[in-house]
Every structure is written in structure tokens, then in C-alpha cells.
Amino acid sequence: MSSIASYVDQNNTFSFWPRHNQALYQRLESKHAWLERSKVKAAADEEDPLDNEMVLNIGPQHPATHGVLRCAVKLDGERIEKCVLDIGYLHRGIEKLAEAKTYQEFMPYTDRMDYLSPYSTNVGWCLAVEKAAGIAIPDRAAWIRTMMCELARISSHLLWLGVGLMDAGAVSVFLWTFEQRENIYTIFDEVAGARFTVSHSRIGGVATDLSPKAIHLLDSFSKDFPKVVEGWEKLLNRNRIWIDRSQGVGVLSPEEVVALGMTGPNLRGSGIAHDMRTFEPYLKYSELDYDVPIRTEGDSLARYFVRIAELKESCKIIQQCLQAMQPGPIRVDDAKRSYPSKDEVYYSMEGMIHDFMYTSEGVTPPRGARSYHAIEAPKGELGFMIESDGTGHPWRAHLNSPSFTNLQGLESMLEGAVMGDMVILIGTIDPVMGEADK
Amino acid sequence: MSESLKFTFTPVDGAKPAAASSNPHAKATTETDDDIAVLKEKFGDSICEVSQYAGERTVRVTPEVLKRVVYLLRDELAYNYLADIAGIDRFTDEDRYAVVYNIVSISRGKRFFLMVWVDESAMSLDSITDVYKAANWNEREVFDMFGIVFAGHPDPRRMFMPEDFEHHPLRKEFPLLGIPGSLPLPPNTPEGALNYDPFSAAHGNKPSKSYEEPVSTMASKN
Numbered sequence: 008m009s010s011i012a013s014y015v016d017q018n019n020t021f022s023f024w025p026r027h028n029q030a031l032y033q034r035l036e037s038k039h040a041w042l043e044r045s046k047v048k049a050a051a052d053e054e055d056p057l058d059n060e061m062v063l064n065i066g067p068q069h070p071a072t073h074g075v076l077r078c079a080v081k082l083d084g085e086r087i088e089k090c091v092l093d094i095g096y097l098h099r100g101i102e103k104l105a106e107a108k109t110y111q112e113f114m115p116y117t118d119r120m121d122y123l124s125p126y127s128t129n130v131g132w133c134l135a136v137e138k139a140a141g142i143a144i145p146d147r148a149a150w151i152r153t154m155m156c157e158l159a160r161i162s163s164h165l166l167w168l169g170v171g172l173m174d175a176g177a178v179s180v181f182l183w184t185f186e187q188r189e190n191i192y193t194i195f196d197e198v199a200g201a202r203f204t205v206s207h208s209r210i211g212g213v214a215t216d217l218s219p220k221a222i223h224l225l226d227s228f229s230k231d232f233p234k235v236v237e238g239w240e241k242l243l244n245r246n247r248i249w250i251d252r253s254q255g256v257g258v259l260s261p262e263e264v265v266a267l268g269m270t271g272p273n274l275r276g277s278g279i280a281h282d283m284r285t286f287e288p289y290l291k292y293s294e295l296d297y298d299v300p301i302r303t304e305g306d307s308l309a310r311y312f313v314r315i316a317e318l319k320e321s322c323k324i325i326q327q328c329l330q331a332m333q334p335g336p337i338r339v340d341d342a343k344r345s346y347p348s349k350d351e352v353y354y355s356m357e358g359m360i361h362d363f364m365y366t367s368e369g370v371t372p373p374r375g376a377r378s379y380h381a382i383e384a385p386k387g388e389l390g391f392m393i394e395s396d397g398t399g400h401p402w403r404a405h406l407n408s409p410s411f412t413n414l415q416g417l418e419s420m421l422e423g424a425v426m427g428d429m430v431i432l433i434g435t436i437d438p439v440m441g442e443a444d445k
Numbered sequence: 018m019s020e021s022l023k024f025t026f027t028p029v030d031g032a033k034p035a036a037a038s039s040n041p042h043a044k045a046t047t048e049t050d051d052d053i054a055v056l057k058e059k060f061g062d063s064i065c066e067v068s069q070y071a072g073e074r075t076v077r078v079t080p081e082v083l084k085r086v087v088y089l090l091r092d093e094l095a096y097n098y099l100a101d102i103a104g105i106d107r108f109t110d111e112d113r114y115a116v117v118y119n120i121v122s123i124s125r126g127k128r129f130f131l132m133v134w135v136d137e138s139a140m141s142l143d144s145i146t147d148v149y150k151a152a153n154w155n156e157r158e159v160f161d162m163f164g165i166v167f168a169g170h171p172d173p174r175r176m177f178m179p180e181d182f183e184h185h186p187l188r189k190e191f192p193l194l195g196i197p198g199s200l201p202l203p204p205n206t207p208e209g210a211l212n213y214d215p216f217s218a219a220h221g222n223k224p225s226k227s228y229e230e231p232v233s234t235m236a237s238k239n
């Protein structure tokens with residue numbers, strides 16, 4: 008039995024999943040063995056008299072881990088020497104579930120992946136299916152999706168800002184951001200009929216058109232919100248406590264972020280201008296005028312500035328969408344590719360049959376078709392790879408989730424950091440476990 | 018794998034769909050014909066197949082040359098960013114599993130799909146963690162879900178499931194509702210025994226209860 012595992016599991020408390028815990032602590036012990044060996048030589052006769060060495064298990068249930076993230080860390084005093092992350096506590100086998108659902112049936116499940124920005128995940132799935140089946144969506148649907156995706160981005164970044172700052176000790180910002188999130192929920196409620204798990208996007212378009220009230224709410228929100236952000240920036244941008252907590256913490260060089268495969272604002276905070284909206288323009292992003300903000304410092308403060316700038320850019324995009332949007336159909340007028348409108352379903356026999364057929368069978372991408380479509384979710388590149396066997400169910404649906412890739416980078420970010428910065432670092436990469444655990 | 022795990026379905030093999038020439042969502046980043054030509058010239062017969070759908074070129078190579086191809090992509094063709102690795106259970110008699118590598122060149126604005134087939138008798142691939150650090154967790158995920166072992170991986174543990182779990186859930190023969198008794202859960206009461214089955218009702222068993230149910234008075238009246 009290894010020394011760390013026996014040290015931690017003193018009274019044989021891990022009777023539950025014993026092999027898993029043993030493997031986890033063995034990994035923690037065997038990681039960077041060279042670092043240990045050099046130390047063993049130095050401290051051969053000392054035997055750690057101050058009792059500095061410590062193995063600490065944080066999570067899966069801990070408020071600062073932003074979900075069910077488990078970190079096993081080896082500490083030398085305050086310094087994190089080694090870290091092993093353990094995820095999977097929210098694993099529901101969502102890819103397996105997708106294989107048993109029709110494409111449209113699976114869409115509401117995507118709400119539960121990244122539950123902080125459900126609209127973008129809906130759109131990510133629908134676009135992936137549309138690519139596999141070769142469905143072009145009407146212009147108005149694309150504008151609505153673009154706009155609501157940006158609203159979801161604001162909503163997600165707001166939660167990141169409030170919770171991240173609460174980790175650093177500022178409670179009032181949390182309340183302010185949630186006041187704004189409440190406004191966004193009101194808009195989602197008006198647009199989709201649900202506040203949180205919206206499920207508004209459909210394969211081949213969106214479920215409902217925007218009401219005049221929704222357009223008014225979107226317009227006033229995107230006009231007022233940048234001023235609110237400026238107010239927060241007055242508090243935060245030169246705040247001594249916030250800067251001290253985040254500047255120079257978790258620094259990643261451009262080479263490191265690319266090697267670690269990190270995505271989204273974490274990548275752009277280190278000076279890599281990689282954004283799916285410009286890399287592989289989808290929906291209406293190629294017709295819009297916006298900036299992709301980047302910073303070159305690569306620390307937590309840089310990632311804060313990137314996300315704050317994205318909040319304002321998103322408002323700009325929403326304004327442009329409202330200007331450019333023309334009246335028109337919101338779903339493809341093809342019963343083999345999208346749901347017919349409710350008017351047709353209720354008042355015509357054909358429509359009823361189509362609705363029934365679409366629910367039981369749905370879209371059928373050609374047999375053997377495999378395609379990948381990625382969108383820029385608030386957390387980074389969110390991609391779905393779909394392989395079809397010619398039926399209404401995906402043969403294989405693979406999720407490439409940004410939180411998963413970012414968490415991998417967190418493991419090496421934590422090593423060498425001090426214990427007090429750990430919550431800041433978890434907050435700064437903005438993980439959502441529903442998405443990372445699939 | 019126990020005898021009870023059986024799955025019958027039409028495997029996905031045979032005719033490929035016609036390369037959809039005008040997919041509305043096709044991206045310019047996946048037009049990688051030049052790079053494929055470079056690979057073909059260098060590796061010849063080891064490039065088994067180049068398939069195309071929705072503008073996406075997928076290059077299938079033999080498992081033997083996988084690592085050399087990946088090195089070439091990174092060092093000579095500037096594919097410096099690994100976006101994703103996905104496993105697929107094709108459920109065919111030969112070369113049952115496929116692994117798709119999704120590699121991006123940020124500087125050149127290209128996305129490359131590389132595919133390898135793994136036979137059930139081999140179940141092993143070279144790990145590319147020394148080429149792309151980011152492959153670490155993705156390879157662990159493929160191992161966890163399909164049981165494909167990555168030789169040379171620095172941390173060959175499962176990704177999502179606990180080590181005590183014996184099956185590979187994304188294989189087609191694994192039932193959707195799970196296998197009774199495969200995932201022990203902690204006791205429901207401090208004294209209670211382990212509740213071994215999260216879906217016992219679904220498998221026709223009554224869930225064990227930690228309390229005595231009162232006898233229904235309604236039933237005795239009738």
C-alpha cells in the first residue's frame with residue numbers, strides 16, 4: 008500500500024469505491040516523481056519536523072469548487088505541490104442517452120449540460136444536427152439565435168463575475184449581477200416561455216417568433232446594460248483588493264494555453280485570438296461588426312478584462328441583430344426537416360401527420376454521415392460530432408465541451424499556486440460541471 | 018464482459034453518403050486537400066482512406082503510423098492545437114472501434130480530422146500525449162467509455178466512472194439503464210447496507226427500503 012493512500016485513509020474510511028480512491032491518491036503520489044526525489048535528498052535526515060507536508064482533499068461538495076469538482080492536492084505549507092482533479096460526479100452518460108433519443112428529443116437535454124447558458128448549448132446541438140442533415144435555416148431564425156446566444160453569453164459571464172468575485176470576498180457584486188441576470192431571465196421567459204432551461208431552438212429554426220414585448224425588452228436591456236457594466240468597472244478595475252487577488256495569479260503563456268488545449272476567454276486572456284465566431288463563422292456572425300477582445304498578460308486579471316469586454320461586445324451584437332432582423336419565417340417549411348407550425352398541426356390533417364411523424368422519426372441524416380460543428384459558447388469551443396446510421400437516432404453523438412478542456416488546464420495551473428489562490432483559479436477558468444462531466 | 022451483455026443492431030458500414038457538395042454549414046477551415054496531399058506523398062499506403070462529408074475531409078490512417086502522422090501535422094503543417102478526441106463504436110465484426118482526432122491550426126485557420134480504426138482483438142493505440150499535452154484527458158475519456166488502451170499514456174485511469182466500475186458504457190452492448198450491481202452506492206442510512214442498484218425498479222426488482230411500510234387499511238376493506 009502506498010504511503011499517501013495509507014496516510015490519508017487512516018481508519019479505512021474509504022470503504023466506498025476503494026479502488027477509485029486508491030488510484031487517485033497513488034496518482035497524486037507518483038506525479039512529478041523527480042520533484043519528490045530531489046527533495047528526498049535534501050530532507051533525508053530532517054523528516055519534515057514542522058509537519059509541512061499535507062495531503063488535502065477538497066470537494067466534491069464544497070461551495071468554492073463551483074460544482075462537484077474534486078481536487079486532491081499535496082501541500083507543502085501553503086504551496087500546492089501537486090494536484091489531481093477528479094471529475095465525473097455529475098456524469099449522466101449524456102452521449103449514451105443521445106443514442107436512444109431522436110435528434111429533436113435530445114435537444115432539451117442540452118439545457119442541462121451548460122446550465123448557465125442553456126441557449127448556446129441548444130443552438131450548438133441544433134446547428135450540429137443541421138450540418139449533418141444539410142438543413143439551411145431561415146434568416147430570421149438565424150438572427151434570433153445569434154441574438155439569444157449573445158444574451159446567454161452575458162448571462163453566463165454575469166454569473167462568473169458575481170461568483171468569482173464572491174470567491175475573492177466581494178459579496179455585493181454578486182447581488183448586482185444577479186439583479187441583471189433576473190432581467191435576462193425575464194427576456195428568456197418572454198421569448199421562450201421558460202426562465203432557465205429555455206429549449207427554444209428547434210432543428211431547422213426556433214420554436215416561436217419574438218413578441219413585440221420581447222424585442223422591446225431586448226432593445227432596452229442591450230442599451231442600458233453597458234452603462235451598468237461601466238459602473239461595476241469603476242468599482243473593480245482599480246480596486247486594490249481585486250487586483251491583488253487576481254494579478255499574476257494563474258499565469259499561462261500563449262504556448263502553454265495552446266498546448267493545454269484551453270478554449271474561450273482563457274485562451275484569449277493569454278493573447279491567442281482564437282474564437283469560433285471568427286474562425287468558423289456560423290449563423291450571422293460573418294455579417295456583424297464586433298471585436299474579439301484579447302489580453303496578453305495571461306493571468307486571472309486578464310481573463311477578467313476579456314470577459315468584461317465581451318459583455319459589452321455582446322450588447323453591440325444584440326443591437327445590430329435587432330437592426331438587421333427582417334420579418335420572415337422562423338422554421339424551415341419542410342415537414343421532413345422541421346416541425347410544422349402549430350396552426351398547421353391544429354387545423355390540417357397533413358400538418359397533424361407531419362407533426363406525428365416528426366416526433367416519432369424526425370430528421371434522418373444520410374447513413375454513414377459524420378460531421379462536427381462547433382460554436383463559441385461563453386466558456387469556449389462547444390462542438391458536437393454526430394455520426395448517423397440513417398435512422399432518426401444518432402448512432403454516435405460526441406460532445407466536445409469547453410469546461411472539460413479548461414479543467415484539464417486547471418490541473419497544471421494549480422500546481423505551484425498557493426492554497427489561498429485556489430478558489431480564484433477555479434473561478435477564473437469558469438467551469439460548469441454539468442458540461443464537463445457529460 | 019459478462020455473457021448477458023448482448024446488442025443487436027444494424028452496424029454502420031458499407032456505402033458512404035455522397036459527398037454533399039453544397040452543405041449550408043460547410044466551413045472553409047475544413048478544406049484541407051493540400052495537407053492531405055502532403056500526407057499521401059509522405060505515407061503512401063498507410064493512408065487508407067479519405068472520406069468527405071459536409072466539406073469535412075477525414076483521413077483514415079493505419080494505427081502504426083498514427084504517431085508519425087500527428088508529429089508531421091504538428092511540426093511541419095502547424096497544427097498546434099488539439100481540439101478533441103472522440104471514440105466511435107462502429108459495431109462491425111472487423112475494426113470495430115474508430116477514434117477521431119480533431120486537430121486545429123490556429124495560425125493557418127484549418128481543422129483536420131484524423132481517424133484510426135481499432136480492432137477488438139488489439140484494443141490498443143499509441144498515446145499522443147507527448148505530442149499534444151491536451152490529449153491526456155481526452156484519451157482517458159476514450160479509454161473509460163470504450164476500453165481502448167493508450168500505450169504510453171502517463172495517467173491511464175478512468176475519466177468519469179470510478180475505478181471500481183468494470184464496464185465501458187459507450188459500447189453498444191452496454192444497456193442504457195446500466196447493469197444491476199455494477200455501481201455500488203453509499204448506504205442510505207448510517208446502519209444500512211450498501212444499496213447496490215440505482216435502477217433496481219427498472220430491472221424488475223423492488224428497491225430495498227430503510228423503513229417499515231404501514232399496512233394499508235384501504236386494501237383490507239376491499
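As given, the protein sequences belong to chains A and B, one line each in that order.
To convert, take the position in the first sequence, counting from 1, and add 7; that gives this note's numbering.
To convert, take the position in the second sequence, counting from 1, and add 17; that gives this note's numbering.
For glycine and all other residues, C-beta sits at the position ideal for the given N, C-alpha and C.
The structure presented is a predicted model; accordingly, all values stated were derived computationally and were not measured.
Note on the stretch 61-109 of chain B: whole beta strand (DSSP E) runs with a minimum of 3 residues are 64-70, 73-78, 98-106, in chain order.
For residue 176 of chain B, the chain A residues whose Cβ falls inside 8 Å of its Cβ are 94, 95, in order along the chain. Secondary structure note for residue 125 of chain A: its alpha helix (DSSP H) is the uninterrupted segment 125-140. Taking a contact as a CB-CB distance under 8 Å, the pair residue 414 of chain A and residue 391 of chain A does not count as one, their CB atoms being some 19 Å apart. Within the model, the alpha-carbon separation for residue 359 of chain A versus residue 367 of chain A is close to 12 Å. By the criterion of at least three beta-carbon pairs nearer than 8 Å, the stretch 168-188 of chain A is not in contact with the stretch 78-95 of chain A. With its beta carbon less than 7 Å from one in chain B, residue 268 of chain A belongs to the interface. In summary, the residues of the stretch 366-400 of chain A whose CB is separated from some CB of chain B by less than 7 Å are 373, 374, 375, 376, 377, 378, 379, 380, 388, 390, 392, 394, 396, in the order they occur in the chain. The distance from the Cβ of residue 95 of chain A to that of residue 132 of chain B is about 26 Å, inconsistent with a contact at the 8 Å cut-off.
Following the DSSP letters along the chain, one finds residue 134 of chain B inside the beta strand (DSSP E) bounded by residues 127-135. Rounded to whole angstroms, the Cβ separation of residue 130 of chain A and residue 211 of chain A is 12 Å, and the two are not in contact under 8 Å. Contact of residue 134 of chain B with chain A is not assigned, every C-beta pair being separated by 7 Å or more. Only exposed fits residue 425 of chain A, as fewer than 16 other CB atoms lie within 10 angstroms of its CB.
By the Cβ test, the stretch 100-116 of chain B is not in contact with the stretch 416-432 of chain A, since fewer than three Cβ pairs between them sit closer than 8 Å. For residue 164 of chain A, not one C-beta of chain B is nearer than 7 Å to its own C-beta.
A straight-line Cα-Cα distance of about 40 Å links residue 298 of chain A and residue 59 of chain B. Scanning chain A for C-beta atoms nearer than 7 Å to the C-beta of residue 126 of chain B yields 286, reported in chain order. Residues of the stretch 141-152 of chain B with a C-beta atom less than 9 Å from some C-beta of chain A are 149, 150, 151, 152, listed in chain order. Near chain A, meaning a CB-to-CB distance below 9 Å, the residues of the stretch 64-98 of chain B are 68, 70, 71, 72, 73, 75, 97, 98. Short of 6 Å from the beta carbon of residue 123 of chain A, and not among the five residues preceding or following it, lie these beta carbons of its own chain, in chain order: 163, 166, 439. The DSSP-derived three-state label of residue 203 of chain A is coil. If you ignore the 5 residues before and after residue 377 of chain A, its C-beta comes within less than 6 Å of the C-beta of 394, all in its own chain and listed in chain order. Against chain B, a Cβ distance below 7 Å from residue 275 of chain A picks out nothing, because the smallest value is about 11 Å.
A check of alpha carbon separations from residue 267 of chain A across B:170, B:193, B:155 identifies B:155 as the nearest.
For residue 53 of chain B, not one C-beta of chain A is nearer than 7 Å to its own C-beta.
The criterion of a C-beta distance shorter than 7 Å is satisfied by residue 336 of chain A and residue 145 of chain A. Contact between residue 401 of chain A and residue 105 of chain A holds: their C-beta atoms lie close to 6 Å from each other, under 8 Å.
For residue 392 of chain A, the three-state secondary structure derived from DSSP is strand.
Bounds of the beta strand (DSSP E) holding residue 119 of chain B are 114-122.
Distance check between residue 67 of chain A and each of A:370, A:91, A:183 places A:91 closest, using alpha-carbon atoms only.
At a cut-off of 7 Å between C-beta atoms, residue 27 of chain A counts as an interface residue with respect to chain B. Chain-order list of chain B residues neighbouring residue 24 of chain A: 179, 180, 181, 201, by C-beta distance under 8 Å. Under DSSP, the beta-bridge partners assigned to residue 401 of chain A are A:395.
Nearest C-alpha to residue 289 of chain A among A:186, A:171, A:149: A:149. For residue 83 of chain A, the CB contacts under 7 Å within the same chain, skipping 5 residues up- and downstream, are 59, 60 in chain order.
Among the residues facing chain B, residue 64 of chain A is not included, as its CB has no counterpart in that chain under 7 Å away.
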